[in-house]
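Read top to bottom, the protein sequences are chains A and B. Taking my numbering, I'd label the letters of the first sequence as residues 3 to 495. Taking my numbering, I'd label the letters of the second sequence as residues 8 to 82. I have placed the structure first, in the form of structure tokens, so that the comments after it can refer back to it.
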Amino acid sequence: MDVIAWSRLQFAMTAAYHWLFVPFTLGVAMVMAVMETLYVVKKDEFWKKTAQFWMKLFAINFAVGIATGIILEFEFGTNWSNYSWFVGDLFGAPLAIEGILAFFMEATFFAVMFFGWDKVSPRFHLASTWLTGIGATISAYWILVANGWMQNPVGTTFNPETVRSEMASAAAFWEVISNPVAVSKFFHSVTSGWVTGGVFVVGISCWYLLKNRQKKFAKASILVGSIVGIVGSFAVMLSGDASGVHAAEFQPMKLAAAEGLEDGGRKAAFTIVPGIKIPGMLSILATHDINGFVPGINDILNGYTDNEGNEIPSVAEKMAMGREALVALSIYRTTDDPSEKAEARYALEENVQYMGYGHLEKPEDVIPPVGVVFWAFRFMIGLGMLLLLELLVVGFLAWKDKLEGKKWLFIAALVCIPLVYICGQAGWVVAEVGRQPWTIQGLLPVNVAISSLSAGAVKTTFFLFLAIFSLFLVIEIRILIGAIKKGPETPNE
Amino acid sequence: MNSVWCFYRDGFRNMTWGRPLIWLILLKVFILFAILRVFFFKPSMAGLNDEERSRVVGERLTGPPAPPSENTYNL
């Protein structure tokens with residue numbers, strides 16, 4: 003493997019590890035906030051003890067997961083220095099806001115949540131618990147603003163003097179933070195965290211039922227966990243629908259790869275698995291119109307007319323325009339002749355949206371690994387449906403108080419815990435592998451974004467990370483298991 | 008201000024199951040910032056000013072792919 007592959011693999015591993023902790027934080031924060039609300043409203047100590055138990059697991063996850071995202075920022079500076087310079091303040095501003103916000107909100111409200119039970123009023127404590135979850139959620143928004151911009155780079159202009167994408171005004175900043183891709187990604191990611199939290203709480207609660215322990219606590223936790231998970235599941239579907247429409251609009255190749263769609267058309271069929279298709283469904287999902295045109299891989303390579311009647315150039319034409327942009331950039335940066343400079347700048351601005359295509363060797367370079375994206379998409383959807391079914395069944399039976407003795411269901415709920423993590427990771431594989439070869443859609447491919455490094459150096463840190471991450475993960479799982487075995491402080495009834 | 012200080016001080020003092028987690032966080036932060044950041048993740052363009060960085064990235068964008076270098080990570 004070359005340095006690009008190692009760097010991508012290292013970033014993917016770090017991001018995947020980070021994403022083990024984040025959805026848990028987002029989801030369990032919601033569960034414990036709901037439980038504490040029940041305590042404050044009902045003034046029932048049982049709900050306080052129940053909330054405290056899940057807070058303990060929340061804290062363990064938080065302690066092990068803390069700062070894992072920082073490593074991604076290290077990698078930006080070392081492995082992806084061209085990219086880091088190219089994105090400039092656009093990336094720096096959201097990440098700085100995220101860092102400051104996360105630090106202050108978490109340092110304040112997280113501390114009140116753990117240290118303040120007997121020191122502040124129940125209502126103030128409840129507000130702190132909610133604000134801990136809300137703080138984590140807002141942090142996620144800023145990260146996804148940065149990620150959303152890479153998928154759909156809006157609100158910036160390329161400055162050939164600095165070789166950076168820059169925001170020219172407050173309006174541009176607003177355009178960046180209200181990027182539709184970022185907004186749909188935010189809701190999709192956060193609500194998938196609710197599903198993770200719900201499935202985790204339900205699964206662990208079922209373990210108590212399986213062991214014939216803490217039945218009242220377990221049933222109450224199942225009710226809250228399943229409601230949070232079910233609400234999250236439906237919100238994931240809605241935001242996933244928006245993500246599909248945005249992919250069709252801004253990253254049609256990602257959608258074509260996720261569908262394995264070689265040749266597109268109107269009334270395009272959705273493939274459930276190879277050989278089983280729903281006619282017209284892909285057009286409905288991608289355009290909300292059964293007659294909507296969905297381009298396939300070949301259409302994108304050869305050029306097509308989109309649903310607004312715009313002629314989309316072929317990849318070969320985009321490559322030619324991209325090369326013109328790069329030649330113009332080169333002239334602009336080397337010439338001292340003002341008229342030649344003005345001419346180069348004009349040529350650059352005319353073609354800059356395709357600048358990244360100028361680095362490609364052949365049109366087929368724009369095709370991501372179709373098999374990986376296709377199957378990751380199916381794992382995500384399939385597991386998501388399975389998890390919703392699990393939450394509905396377990397939640398309904400808990401509501402009707404008919405869970406007693408259903409050992410097979412308890413075991414299934416436990417098995418769902420690793421499945422919800424696989425589901426979330428599969429979603430990120432679709433999002434990130436599906437946008438290859440771009441770090442920034444249309445502007446910067448990965449082979450240019452990377453620093454000048456040796457594969458050996460990246461390989462060394464890859465295995466170093468793998469060892470450290472694995473160690474911390476084992477530590478977390480051991481501490482979590484210990485806390486779960488010890489159980490809540492609610493009466494064992 | 009004093010009550011805020013006491014709040015945090017007493018909170019940390021009275022910790023039971025949370026104490027090992029604090030040590031875990033400190034260990035992790037040490038590994039991240041004192042080992043990985045210092046010895047393995049030196050920014051590739053450290054020491055360059057903005058103008059030099061623009062030149063390096065500009066050349067990379069308009070020129071051929073740069074050959075891999077061996078002198079990174081302080082290894």
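Beta carbons are placed, not taken as given, at the ideal position from N, Cα and C, and that holds for glycine.
Residue pairing by DSSP places L446 (chain A) opposite A:I442 in a beta bridge. Closest option to G484 (chain A), judged by alpha-carbon separation, among A:N149, A:F55, A:E75 and A:H248: A:F55. When CB distances to chain B are screened at a threshold of 9 Å, not a single residue of the stretch 185 to 207 of chain A falls below it. Distance from the CA of G294 (chain A) to the CA of F252 (chain A), rounded to the nearest whole angstrom, comes to 15 Å. Within a 10 Å sphere around the beta-carbon of C425 (chain A) sit 16 or more other beta-carbons, which makes this residue buried. At a cut-off of 8 Å between beta-carbon atoms, W430 (chain A) makes no contact with chain B. With respect to chain A, the C-beta atom of T23 (chain B) has no partner C-beta closer than 8 Å. Contact between the stretch 474 to 481 of chain A and the stretch 62 to 78 of chain A is established, with three or more Cβ pairs separated by less than 8 Å. By the 16-neighbour rule on beta-carbons within 10 angstroms, F236 (chain A) is exposed. The beta carbon of L43 (chain B) sits closer than 8 Å to some beta carbon of chain A. Within 10 angstroms of the beta-carbon of W176 (chain A) lie fewer than 16 other beta-carbons, which makes it exposed. Apart from the 5 residues on each side of it in sequence, G242 (chain A) sits with its Cβ closer than 7 Å to the Cβ of H190 in its chain, given in chain order. Pairing A378 (chain A) with A344 (chain A), the inter-Cα distance amounts to about 47 Å. Only L328, L331, S332 and R335 from the stretch 320 to 350 of chain A bring a Cβ to less than 7 Å from some Cβ of chain B. Between the stretch 223 to 238 of chain A and the stretch 330 to 338 of chain A, the count of Cβ pairs shorter than 8 Å is below three; the stretches do not touch.
Taking R325 (chain A) as reference, the option from A:I302, A:Y306 and A:E352 with the minimal CA-CA separation is A:E352. A direct Cα-to-Cα measurement between Y348 (chain A) and S454 (chain A) gives close to 31 Å. In the DSSP assignment, V296 (chain A) is bridged to A:G267. The stretch 160 to 173 of chain A makes contact with the stretch 86 to 98 of chain A, as at least three CB pairs between them are under 8 Å. Listed by position along chain B, the residues whose Cβ is nearer than 9 Å to that of K121 (chain A) are F14, D17 and G18. With a cutoff of 8 Å on beta-carbon distance, V178 (chain A) and G157 (chain A) are scored as near each other.
If you draw a 10 Å sphere on the C-beta of S141 (chain A), you find 16 or more other C-beta atoms in it, and that means buried. Annotation: E108 (chain A) is outside any alpha helix (DSSP H) and is labelled neither H nor E by DSSP.
Counting only the Cα atoms, I413 (chain A) lies some 8 Å from C208 (chain A). Counting every other CB atom within 10 Å of its CB across the protein chains shown gives S180 (chain A) a total below 16, marking it as exposed. About 5 Å separates the beta carbon of D301 (chain A) from that of G266 (chain A), a gap short enough to meet the 8 Å contact definition. Straight across, the Cα-Cα distance linking V45 (chain B) with T39 (chain A) is about 45 Å. Here DSSP, grouped into helix, strand and coil, assigns N161 (chain A) to strand. Relative to the Cα of T70 (chain A), the nearest Cα in the group A:V33, A:A109, A:W21 and A:I99 belongs to A:W21. About 31 Å separates the beta carbons of V147 (chain A) and H127 (chain A), which is beyond the 8 Å limit, so they are not a contact pair. For Y334 (chain A), the number of other beta carbons within 10 angstroms of its own is at least 16, and it is reported as buried. Distance from the CA of V368 (chain A) to the CA of F60 (chain A), rounded to the nearest whole angstrom, comes to 41 Å. With respect to the 8 Å criterion, I62 (chain A) and L28 (chain B) are classified as neighbours on the basis of their beta carbons.
Counting only the Cα atoms, I99 (chain A) lies some 45 Å from K213 (chain A).
Judged by DSSP in its simplified three-state form, T337 (chain A) adopts coil rather than helix or strand. Residue pairing for E168 (chain A): DSSP places it in a beta bridge opposite A:T159.
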